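S.K.:
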Ligand code: SAH
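Numbering (our numbering), first residue to last: 9 to 235.
(1) Between residue 141 and residue 218, which are expected to be in contact by the criterion C-beta below 8 Å, what is the C-beta distance as a whole number of angstroms?
(2) The alpha helix (DSSP H) that contains residue 198, what's its start and end?
(3) Can you confirm whether residue 200, when its beta carbon is compared against all beta carbons of chain D, has any partner nearer than 8 Å?
(4) In terms of residue numbering, what span does the alpha helix (DSSP H) encompassing residue 59 cover?
(5) Under 7 Å: does the beta carbon of residue 169 sit that close to some heavy atom of the ligand SAH?
(6) Rounded to the nearest angstrom, what separates residue 181 and residue 204 at their Cα positions?
(7) Would you call residue 93 buried or exposed, if buried means 16 or more other Cβ atoms sit within 10 Å of its Cβ?
(8) Reducing DSSP to helix, strand and coil, say where residue 76 ends up.
(9) What are the start and end residues of the alpha helix (DSSP H) that includes residue 156?
(10) Give the C-beta separation of residue 57 and residue 85 to the nearest angstrom, bearing in mind that I take them to be a contact with Cβ-Cβ under 8 Å.
(11) Do residue 185 and residue 135 come within 8 Å of each other at the CB atom, strictly closer than that value?
(12) Closer than 8 Å is the cut-off here; do at least three beta carbon pairs connect the region 29-49 with the region 105-122?
(13) Measure the C-alpha to C-alpha separation of residue 104 and residue 187 and round it to an integer number of angstroms.
(14) Assuming contact is defined by CB atoms lying nearer than 8 Å, are residue 128 and residue 183 in contact in what I supplied?
(15) Residue 71 and residue 96 look like a contact to me (Cβ under 8 Å); what is the Cβ gap, rounded to whole Å?
(16) Report all residues from its chain with a CB closer than 6 Å to the CB of residue 15; omit the five preceding and five following residues, and keep chain order.
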């Protein structure tokens, strides 16, 4: 199955809004760090419901927001949630970003980067579209250190890239991005029941759930395009 088919099906099931709700727990902390100036152009890679751009327009006075996604159904939903003329949704693939060289101030991506068929090439594309001094905020919940996410690959037909924090830093540098910061943002909003309630439908042990949400959560890697 292609990314398009897979995520069209998710969008038709309303999973775009479900992801928005869950991802917001940590995405908002990553977004709050984005050093946006009034009028900046922001690209959201794998935009899903498009919540990142709506939030940035509400809070940060960005100029232009582009939400890129391979799934027409995701884009259709995203468009239906806003009528902001400064926000545009683009059909495109992580392999070839449909944007001019040096045209974007910030690229943001939540829970999408590891679906890139060739993630190193995608980093080169990001580097290409960023203006000198522009930033890439890359947030992922699926990564080597967060071992309770690894089984996600079993439930999806697209190959997912499982990198460690060090792999992210290395790949960013190889693509010509300076690594400005990296850390894990815990999810403190998912409620973890008392030990007596385990196993739950989803979790074998309380320890596993604590490891997934509180110890790990979201890995944020920040790259800067050299001036
Ligand atoms: N950022 C959103 C959506 C995450 S789901 C959120 O936080 O909720 C991942 C998104 O990436 C989906 O909308 C999917 O259609 C998109 N995607 C996956 N592979 C892609 C690719 N190769 N090119 C472009 N978009 C892709």
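Even glycine gets a Cβ: it sits at the ideal position worked out from N, Cα and C. All of these numbers come straight from a predicted model, not from anything done at the bench.
M.R.: In this structure, then:
(1) Along the chain shown, one-based indexing puts residue 141 at 133. Along the chain shown, one-based indexing puts residue 218 at 210. Actually they do not touch by this definition, with Cβ atoms about 39 Å apart.
(2) By one-based count along the chain shown, residue 198 stands at place 190. First-last for residue 198: undefined, no H or E at that position.
(3) In the displayed structure, chain D is absent; only one protein chain is listed.
(4) What you label residue 59 is simply residue 51 of the chain shown in a count that begins at 1. Where residue 59 is concerned, the enclosing alpha helix (DSSP H) stretches over 59-67.
(5) In the chain shown, the residue the question calls residue 169 occupies position 161. No, the Cβ of residue 169 stays beyond 7 Å of every heavy atom of the ligand SAH.
(6) By one-based count along the chain shown, residue 181 stands at place 173. By one-based count along the chain shown, residue 204 stands at place 196. The straight-line gap from Cα to Cα measures roughly 46 Å.
(7) Within the chain shown, numbered from 1, the residue matching residue 93 stands at position 85. Residue 93 comes out exposed.
(8) For the purposes of this step, residue 76 is taken as residue 68 along the chain shown, with counting starting at 1. In this structure, residue 76 counts as strand in the three-state DSSP scheme.
(9) Working through the chain shown from its first residue, we reach residue 156 at position 148. Where residue 156 is concerned, there is no enclosing alpha helix (DSSP H), given that its DSSP letter is neither H nor E.
(10) As a first step, residue 57 must be located in the chain shown, where it is residue number 49. As a first step, residue 85 must be located in the chain shown, where it is residue number 77. Confirmed, about 6 Å.
(11) Locating residue 135 in the chain shown gives position 127, counting from the first residue. Locating residue 185 in the chain shown gives position 177, counting from the first residue. Cβ atoms of residue 135 and residue 185: closer than 8 Å.
(12) yes
(13) Position 96 of the chain shown, counting from 1, holds the residue named residue 104. Position 179 of the chain shown, counting from 1, holds the residue named residue 187. Cα to Cα, the separation comes out at about 23 Å.
(14) As a working note, residue 128 is residue 120 in the chain shown. As a working note, residue 183 is residue 175 in the chain shown. Yes.
(15) Start at 1 with the first residue of the chain shown, and residue 71 comes out as number 63. Start at 1 with the first residue of the chain shown, and residue 96 comes out as number 88. At roughly 12 Å, the Cβ-Cβ gap does not stay under 8 Å, so residue 71 and residue 96 are not in contact.
(16) Translated into positions along the chain shown, residue 15 becomes position 7. Only 79 and 82 meet the Cβ criterion.
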